[in-house]
Structures are given as C-alpha cells and as structure tokens.
Amino acid sequence: MEKTGIVHDGVSIKIYDTEDPEKVIISFTDEITAYKKIKKAVIKGKGKYCNGISCEISRILQENGVPTSFIEKLSDTEQLCWKTSVIPMEVIVRNVIAGSMAQRLGLEEGIVPKEPVYDLCYKSDILCDPLINDSQALAIGLVSQEELNQIYSMTQKVNAVLVPMFKSIGITLVDFKTEYGHMPDGSLVMSDDITPDSARLWDIATGQRLDKDRFRHDNGKVGEAYKDVYERLTNREKFL
Ligand code: CDP
C-alpha cells in the first residue's frame with residue numbers, strides 16, 4: 000500500500016493517506032516527548048516497540064470483540080488502519096492512582112481506588128486537554144448520550160480484557176488513555192493505539208515503571224523498558 004500524503008505530522012506518530020481513501024498508514028518514530036512537547040529525545044528502537052505493542056494490543060482487543068481501527072501490521076514501525084473521524088475526546092481509565100489524579104487530589108501514587116476511575120478530557124492543544132465531565136461532553140456536542148454510553152461500555156471492556164492480559168505477563172495496567180472515532184459507516188471504534196507512551200505499566204515483581212514516566216522523571220533505561228513490554232507481550236506463551 001503506497002502513502003499518498005501526510006494527514007498528521009506528529010513527533011512520535013505520523014499518519015499517511017493511502018491509495019485507498021478509507022485506509023491510513025500509521026508510522027511510529029523513535030522520538031519521545033513529555034510536558035507539552037517541551038522535553039524531547041530520541042530513543043533508539045522505540046518506534047518498533049510501540050508499533051509492535053500497539054498491533055498486539057489491537058489484535059487482542061479485536062479477538063475479544065472490541066472494534067478498533069487496526070487492520071494489519073505492515074512492518075516493524077508501520078501499521079495499516081481504517082481512516083476514522085476521531086472524536087476530540089480522550090478517555091482515561093485508572094486502575095491505580097498515579098500522575099495527574101494523584102497530584103490533583105493530593106493522593107499517594109499506588110493507591111487502588113474502590114472502582115476503576117474514568118476521566119474524560121477535551122482534546123485541545125491550546126487548552127492543554129482539559130478535564131471535562133459527561134454533561135460538558137454532551138453540552139459541547141462532542142458525543143450524544145447514546146455514544147457516551149457506548150464509549151463507557153467499550154472502555155470497560157478494553158480494561159476488562161487488558162488488566163488480566165497484562166497481569167499474566169507480570170505487569171500492572173495502572174492507567175491508560177484511549178480515543179474513539181467513527182468508521183465511514185458511522186459505527187464507533189477505538190481509534191487510538193495503547194503503548195507505554197499512553198499507559199502506565201508497572202512491573203508486578205519489582206514495582207519498576209515500564210512506561211513514559213521513566214522519561215518524564217529521568218529514570219533512564221526508557222528503551223529497555225519499552226523493549227521489555229514488547230518482548231513480554233509478543234512471547235505470552237512463555238508466561239503460561
Ligand atoms: O500523564 P499525566 O500525569 O500528565 O496525566 P494523567 O492524566 O495521569 O494520564 C493518565 C494516563 O493517560 C497516563 O498513562 C498518560 O500517559 C496517558 N495520557 C496520554 O497518553 N495522553 C494525554 N494527553 C493524557 C494522558
């Protein structure tokens with residue numbers, strides 16, 4: 000499949016149109032950013048690990064009945080996806096308190112909430128993706144009530160599939176961010192990749208962070224951590 004033009008020229012992800020107007024190629028780079036892209040670096044191999052992790056997670060979700068925009072892995076760093084019209088809303092799931100929720104509510108990282116927490120954010124670079132609630136999402140027309148119900152039920156399913164899958168490879172799925180979009184026929188699909196850039200993954204045995212927090216907090220060994228997640232995910236039979 001040939002690329003015909005760039006749709007999204009991101010730092011860690013680039014999205015290209017193809018000869019087929021319904022399909023895009025997503026290409027992962029070795030670049031990493033944090034703190035509104037102020038902090039940047041190149042992590043050798045990151046594109047390969049993130050693409051591999053994202054493809055594997057999409058396959059697992061599809062096998063478990065979650066519709067996603069993923070079609071197939073094309074190469075180490077590229078995947079083919081359906082082109083969706085993405086809803087400018089992030090859905091964050093928190094199984095363990097960390098990051099912005101810990102800061103906002105003055106809580107220790109590592110507390111397990113009574114129920115998983117679902118946060119919505121309005122995707123806007125200028126506004127820095129502010130937290131919104133259900134009625135705000137409805138009021139500004141991001142989604143209908145029916146779509147919101149569907150989004151929550153799909154996100155619950157994603158979490159219910161991924162928590163035990165990560166546990167089986169010795170990792171706690173602390174939190175993750177995802178997004179949804181509409182397919183050309185109007186159906187709703189998960190249209191975002193889940194990688195250590197967008198999820199917090201803690202090693203169960205050691206508590207070590209295996210995600211972008213290593214970069215945010217200058218813990219080093221970022222590439223090694225992403226590689227570790229990639230290798231565990233793609234060799235799951237070894238953990239049976
Ligand atoms: O990461 P940060 O502390 O700024 O925000 P958070 O609200 O605690 O993020 C929860 C999870 O969503 C983390 O795994 C983030 O990496 C991810 N996230 C993301 O991928 N993109 C965003 N724009 C916001 C959060």
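For the sequence shown, position 211 (counting from the first letter as 1) is numbered 210 according to numbering that gives the first Met the number 0, and the numbering increases by one without interruption.
For every residue, glycine included, the Cβ atom is placed at its ideal position computed from N, Cα and C.
- Straight-line measurement puts the Cα of residue 101 at about 35 Å from the Cα of residue 6.
- By the neighbour-count definition (other C-beta atoms within 10 Å, threshold 16), residue 90 is a buried residue.
- Not one heavy atom of the ligand CDP falls within 6 Å of the beta-carbon of residue 56.
- For residue 58, the enclosing alpha helix (DSSP H) begins and ends at 45–62.
- Following the DSSP letters along the chain, one finds residue 133 inside the alpha helix (DSSP H) bounded by residues 133–138.
- The C-alpha of residue 205 lies about 11 Å from the C-alpha of residue 171.
- Counting only residues of its own chain and dropping the five nearest sequence neighbours on each side, residue 193 has a CB closer than 7 Å to the CB of 53, 56, 175, 177.
- Each of 201, 69, 27, 126 was checked against the Cα of residue 167, and the nearest Cα belongs to 201.
- Of all alpha-carbon atoms in 10, 25, 137, 40, the one lying nearest the alpha-carbon of residue 219 is that of 40.
- In the three-state reduction of the DSSP assignment, residue 88 falls in the strand class, which pools E and B.
- Between the C-alpha atoms of residue 191 and residue 179 there is a straight-line separation of about 7 Å.
- By the 16-neighbour rule on beta-carbons within 10 angstroms, residue 103 is exposed.
- Take residue 116, set aside five residues on each side of it, and the residues of its chain with a beta-carbon closer than 6 Å to its own are 93, in chain order.
- The beta carbon of residue 27 sits closer than 7 Å to those of 11, 12, 46, 49, 50, 76, all from its chain and outside the five residues before and after it, given in chain order.
- In the DSSP assignment, residue 154 falls within the unbroken alpha helix (DSSP H) covering 144–167.
- By a beta-carbon distance limit of 8 Å, residue 66 contacts residue 186. Their separation comes to about 7 Å.
- Per DSSP, the continuous beta strand (DSSP E) segment holding residue 69 begins and ends at 69–72.
- Proximity to residue 2 across 16, 8, 9 peaks at 16, based on C-alpha coordinates.
- Secondary-structure assignment with DSSP links residue 216 through no beta bridge to anything.
- Annotated three-state conformation of residue 232 is helix, per DSSP.
- Excluding sequence positions up to five before and after residue 71, its CB lies within less than 6 Å of the CB of 79, all in the same chain and listed in chain order.
- Residue 120 is classed as buried because its beta carbon has at least 16 other beta carbons within 10 Å across all chains shown.
- Residue 142 sits away from residue 82, with the two beta carbons spaced by 7 Å or more.
- Spanning the alpha carbons of residue 164 and residue 150 requires a straight line of approximately 21 Å.
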